[in-house]
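Enquirer: I have a structure I would like to understand better, so I am pasting it below and will then ask my questions one at a time.
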Amino acid sequence: MFVGEAPGADEDEQGEPFVGRAGNLLTKMLTAMELTREQIYIANVLKCRPDMPANTSGNRKPTRHEMEACLPYLRQQISIIAPVVIVALGASAVEGLFGPQKNTISRLRGTWMELDGVPVRPTFHPSYLLHNQDLALKRLVWDDLLAVMERLGLPISKKQQGFFLPPKA
Ligand code: URA
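Numbering that gives the first Met the number 0 applies: residue 0 is where the sequence shown begins, and numbers increase by one.
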């Protein structure tokens, strides 16, 4: 199960999570893991796009109050899906699942958290990757996804192990 922050404009329009640019990248990440969207479940902390002033584009971070309003729904989703592993995409996903954190997402990623016995892997949000094309950053996210694959007992090829590593001099 993957948990994101909130629908953007595309998701709000289509009523599906991660169908815009960040969603395309998430699909690519899944493809790299040799998974399809049909094999996983995607949810958001918020169930609708945080409102924005009229005639403005872009998104804003959900407030704590908005998160709390939507959390019972997310908790129900988790209990119905009973995921083996949850990937928390970005700081808001971690905050939605665990409450406000002292540590930043940069510190939390690379570690395992636990939610009612379910292992949770925090990592950077795909939108962050879209705004920052750094190879080293992609590799950090890929390291988290490799850890998830390992946890799920999925096969990891030599090629997959080497994704996003700097070219050898
Ligand atoms: N970002 C999210 O966190 N969720 C979506 O569904 C789309 C973009």
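Just so it is clear, CB atoms sit at the ideal spot from N, CA and C, and this is done for glycine as well.
Is the beta carbon of L73 within less than 7 Å of some heavy atom of the ligand URA?
Expert: Every heavy atom of the ligand URA is 7 Å or more from the Cβ of L73, so no.
Enquirer: What span of residues does the beta strand (DSSP E) with A42 cover, start to end?
Expert: Here the beta strand (DSSP E) through A42 covers I41 to N43.
Enquirer: Specify which residues have a beta carbon nearer than 5 Å to any heavy atom of the ligand URA, listing them in chain order.
Expert: The answer, residue by residue, is G3, E4, P6, G7, E10, P16, F17, A21 and N43.
Enquirer: Are L134 and F163 closer than 8 Å when you measure CB to CB?
Expert: Closer than 8 Å, so yes.
Enquirer: Distance check for V44 and L73, CA to CA, integer angstroms please.
Expert: Using only the alpha carbons, I get a separation of about 6 Å.
Enquirer: When you compare the region 81-94 with the region 113-122, are there three or more beta-carbon pairs, one atom per stretch, that lie closer than 8 Å?
Expert: Contact holds: three or more Cβ-Cβ distances are below 8 Å.
Enquirer: Give the DSSP-derived three-state secondary structure of P125 in the structure shown.
Expert: Three-state DSSP puts P125 in a helix.
Enquirer: Looking at the secondary structure, which residues open and close the alpha helix (DSSP H) in which G89 lies?
Expert: That residue, G89, is in no alpha helix (DSSP H); it is neither H nor E in DSSP.
Enquirer: Just list the residues that DSSP pairs V117 with in beta bridges.
Expert: The partner list for V117 (beta bridge, DSSP) reads L114.
Enquirer: Using a Cβ-Cβ cutoff of less than 8 Å, which residues in the same chain neighbour V39 once the five nearest sequence positions on both sides are dropped?
Expert: Inspection of the sequence shows that residue 39 is occupied by Ile rather than by Val. Closer than 8 Å at Cβ, skipping near neighbours: M0, F1 and L29.
Enquirer: Using 8 Å as the threshold, is the C-beta distance between E4 and P61 below it?
Expert: Contact: yes.
Enquirer: Are E65 and P49 touching if we call contact CB-CB under 8 Å?
Expert: Cβ distance < 8 Å, so E65 and P49 count as in contact.
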